[in-house]
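In mature numbering (1 follows the signal peptide of the UniProt record, and there is no 0), the protein residues as written are -16 to -1, 1 to 769.
In this text, a Cβ means the ideal position worked out from N, Cα and C, and glycines have one as well.
These numbers were taken from a predicted model, which means no experiment stands behind them.
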Amino acid sequence: MKWLSLLSLNFRLAEHVVIDNNSNTSLEQIFSLAVNDYEKNTPSSRLDPKLSYMITEMFPQIKKSKVFCQKTGKKSQSFRCSVESSTCNIAVVEFNNLEKWKPHDWFVLNKLDDKIVFGHFFMETFNDNKTVMELSLSKAGQISISIADVHINLSEYYIPTKIQYTARSLPAIFRCTKLIKHCHGYEIKTNDDLKFSTSFSCSKEVCKVGTNSMNVIRSVSCTHFLPLRSSICRKCSNFIQNRKQTLQKHENKENICINSKVSKEEIKQFIKSIAPNLHENQLTLILSQIVASNTKSKTSVRWDKDVICMALVLFNRNPAAYRDMTLNKWLHLPSEQMLKIYKNAVRQGPGIIPEMMLWMANEGKRQIKLDEGYYGGLILDEMAIQEDLQLVNTKECSALFGLSDSGNDVQMMTALNEGKLQSHIANHVQQYVFNGLTGFRWPFANFPNTQASPSEIFVTSWMCIDELYRWGFRPIYCCMDGSANNRAFLKMHFPDGNSLCTNMIAKCFKYPGRKIVLFMDPCHLLKKIRNSILSSGFLESHQRLLTINESKMWIDAYNWDRTTNSFHIHHKLSEEHIFPSNAQKMRNKLAFDVLDSEMLNLMQQYTSSLNAACQEEMKGVLQFLQHTSFLVSFFKDFRPVKDINDERLRLFSEAYNWFKSWEKSNVGSTDDEHKRYKTLMTMETREDLDFLYLGFMSLTHIMITELKSELTPARINSDIVENIFCQERSLYHGANTNPNYNEYRTGINSIILGQATTSRKSNAGGVKAEPFALGPPPKKMHFLI
């Protein structure tokens, strides 16, 4: 059998060939040397083509050249081998000493009494995950190699399955493993190649080899290793060939004349001639209607990707209206089942999902035009959900959703802390959103939990930061609301209590070179300031008595404006602003209207109508509103800060110093500590103000001096997370103020496809995301929506 001769020859070559560094040796000479005194019956005059490939793989230092061969008298392809000469040594190596013979790039995975397993990482990484090749050597001399739990048939690489461990055979077996290469899959080079990725029988991944990276498609049944002299494995090759044939059939159908007389391109030109001012999207929609109306079967229509994106937006917003539009024949549009397949191309779940990160990376490449758009912040917030377990059945498997799941690290940490491993039903969900400096935003991860503790937030936040770095995004700040757990999480980064001395800049514990600025959400801080005013007064229900203002002043100014002026000075002010309910206290707009420049103008007009004594009492209120109105206008301002000497930064410092002076003025008071505490805003509010000021100033300094970029104050908030929560509660699950986790996770794709992912504002307008899989979807796939 020919492969048996090659198998013996291959290992004999790796084991015995010793070539002088300065000599030129032809393949014929190597072949003769390898079979010398080993297999007399093998003809040395005929050289198998695969042997040349084996030599170049096992001896990577060899250089190809054309030289004159003394034996044949002709020029032939030769190899300059830089393998150092060594004396012949066939000493037997004991099994216990095998570990000493491993090369420097191999390591020991497992060592037993009768077997030792060596590991070797391939140079390639897929989504920043490395694949390890396992070489198992038994005490009896048996050899086995596996990759990703897939055992390799060694006969395909002409490697023996059993050897004797000697000083020559051990280096030879490690050298023979260089013949085994990792499958890269099929590289995506053009937009047409993206059509191959629409099948659920493949996965889109980012393959990196050294500093080079490429988007590839791999079959779900990829063997992970390549046959000899191949660039793609059989499974991936068969998958790509089948997809090409299928897509070619669809393209041939589209190119067929619509009514055997007029082609698709001719109709397009005719429409342009009679309506030259039509937008390209309108032209695409009209053409799709003509094609669909002339197709016998609706399932055979190949929809344009722009039509699919438009249909997805309509379907996500109002499925009932979409159904009426199609059933009443107003428009020919893709079926609801097809749209569900496209919408659920990425299956959402707890934690960080690779397909979700790949979708985010693809949309980033499509929408982010500047490199600075990859810099941004990590926005986190928590939402209450319904305690409920849901069993979801799909064609492939069944899954249970609703249990607390913040990752394996958090689970192990909790088990070590509590001394037992148990599961809990989640009643909250922690949402993480990347907010780019140029407006790109993406909700990339969520974790169901039982109201996450500071330690859980710490682990999951840095896990998300590491994952963003792996996919090319650069989070440089972290913004959160001022809840007790979030404040404790922030202080965990400064164990010495010097958070203010370090200007709120924390370093990654794994990669100290990565810096991140931590601060509180400015909108949440302004709501806290407003709440301090509402709780100030002389009534029993009031919890505070601020030294410069009380809620009665706002009530009196509001009543004076309504009773005195027919045209109200502050026309936005209403009962909801002055007497808000618990739900209304969470609305940013109501808090802004009570603290902005309009309120300052109203208070000035009201003060002018009072006597001299009352006007003296109102001075503190006017100073207070003067600084709060600036905070409101500054953090709603879309004009970027481009200079460290910007006038707005100076006014921000003045406002911060005024609040600090108010705090210091009460320190010297003769009242007891409890009374002094009641005359100020809450300690949490004052501390959040410190965090916001120092953090924002540090972020501005980093952006202007280090990144040479600019910062838009209106984008530095957590409104985008609140917007997601509002859509989860009302838009996609009916009037459900408390959805369960299964409803929450299924709504994420609808939110991404329905809202803008790039905008000038924090939560409106801009370019929408495209579906993760655009192209002909696979048939007979069933999903629960």
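Proximity of residue i and residue j at Cβ, strictly below 8 Å
{"i": "Ala368", "j": "Asn722", "result": "yes"}
{"i": "Gln414", "j": "Leu364", "result": "yes"}
{"i": "Pro427", "j": "Val443", "result": "no"}
{"i": "Arg454", "j": "Asp112", "result": "yes"}
{"i": "Gly348", "j": "Arg729", "result": "no"}
{"i": "Tyr640", "j": "Tyr590", "result": "no"}
{"i": "Val190", "j": "Glu108", "result": "no"}
{"i": "Cys448", "j": "Ala468", "result": "no"}
{"i": "Asn470", "j": "Met464", "result": "yes"}
{"i": "Ala259", "j": "His208", "result": "no"}
{"i": "Trp538", "j": "Ile517", "result": "yes"}
{"i": "Val275", "j": "Val285", "result": "yes"}
{"i": "Trp85", "j": "Val77", "result": "yes"}
{"i": "Ser277", "j": "Asp288", "result": "no"}
{"i": "Ser203", "j": "Ser215", "result": "no"}
{"i": "His552", "j": "Arg546", "result": "yes"}
{"i": "Lys146", "j": "Gly125", "result": "yes"}
{"i": "Lys188", "j": "Cys206", "result": "no"}
{"i": "Val116", "j": "Phe105", "result": "yes"}
{"i": "Pro438", "j": "Phe473", "result": "yes"}
Assumed close pair residue i, residue j - CB separation to whole angstroms, cut-off 8 Å
{"i": "Lys510", "j": "Phe576", "result": "One detail in the question is off: residue 510 reads as Leu in this sequence, not Lys. Confirmed, about 7 Å."}
{"i": "Leu210", "j": "Cys167", "result": "5 Å"}
{"i": "Gly360", "j": "Leu421", "result": "5 Å"}
{"i": "His412", "j": "Glu451", "result": "In fact, because the Cβ distance is near 21 Å, the residues do not count as touching under 8 Å."}
{"i": "Gly386", "j": "Leu405", "result": "Going by Cβ atoms, the distance from Gly386 to Leu405 rounds to 18 Å, so no, they are not a contact pair."}
{"i": "Asn487", "j": "Ser693", "result": "Not really, about 19 Å apart at Cβ, beyond 8 Å."}
{"i": "Phe680", "j": "Phe503", "result": "6 Å"}
Near the ligand FAD: residue i beta-carbon under 7 Å from a heavy atom
{"i": "Trp455", "result": "Absence of the ligand FAD from the depicted structure is noted, as is the absence of any ligand whatsoever, leaving it without description."}
Helix, strand or coil at residue i according to DSSP, with G and I counted as helix
{"i": "Lys173", "result": "coil"}
{"i": "Pro303", "result": "helix"}
{"i": "Ile708", "result": "helix"}
{"i": "Ser10", "result": "For Ser10, the pLDDT reaches just 48, beneath the cut-off of 50, and the residue's location in the model is therefore unreliable, although a value from the coordinates is still provided. Ser10 falls in the strand class under three-state DSSP."}
{"i": "Ala368", "result": "strand"}
{"i": "Pro27", "result": "Confidence at Pro27 is low in this model, with a pLDDT of 43, below 50, so the placement of that residue should be treated as unreliable; the coordinate-derived value is given next. Of the three classes helix, strand and coil, the one that applies to Pro27 here is coil, per DSSP."}
{"i": "Pro318", "result": "coil"}
{"i": "Gly357", "result": "helix"}
{"i": "Met107", "result": "strand"}
{"i": "Gln148", "result": "coil"}
{"i": "Thr721", "result": "coil"}
{"i": "His561", "result": "helix"}
{"i": "Arg213", "result": "coil"}
{"i": "Cys206", "result": "coil"}
{"i": "Glu188", "result": "The amino acid at residue 188 is misidentified as Glu; the sequence shows Lys. It is a strand residue."}
{"i": "Phe254", "result": "helix"}
{"i": "Tyr461", "result": "strand"}
{"i": "Leu262", "result": "coil"}
{"i": "Ile201", "result": "strand"}
{"i": "Leu267", "result": "helix"}
{"i": "Ser519", "result": "coil"}
{"i": "Ile352", "result": "coil"}
{"i": "Gln599", "result": "helix"}
{"i": "Asn549", "result": "coil"}
Per-residue burial, residue i [other beta carbons within 10 Å of its own, 16 or more giving buried]
{"i": "Leu96", "result": "exposed"}
{"i": "Ile394", "result": "Reading off the sequence shown, one finds Val at residue 394, where the question assumed Ile. Label assigned to Val394: buried."}
{"i": "Thr398", "result": "buried"}
{"i": "Ser592", "result": "exposed"}
{"i": "Gln351", "result": "buried"}
{"i": "Leu311", "result": "exposed"}
{"i": "Thr161", "result": "buried"}
{"i": "Arg159", "result": "buried"}
{"i": "Met341", "result": "buried"}
{"i": "Lys327", "result": "buried"}
{"i": "Glu249", "result": "exposed"}
{"i": "Met344", "result": "buried"}
{"i": "His561", "result": "buried"}
{"i": "Ala410", "result": "buried"}
{"i": "Leu354", "result": "exposed"}
Residue-chain proximity (residue i, chain B), Cβ-Cβ < 8 Å
{"i": "Arg498", "result": "Absent here is chain B; the protein component of the structure consists of one chain."}
Segments of 3+ residues assigned as beta strand (DSSP E) that fall wholly inside the region 378 to 455: 382 to 385, 412 to 420, 425 to 433
Every unbroken beta strand (DSSP E) inside the region 478 to 513 [3 residues or more]: 489 to 491, 499 to 504
Whole alpha helix (DSSP H) elements within the region 665 to 706, 4-residue minimum: 667 to 685
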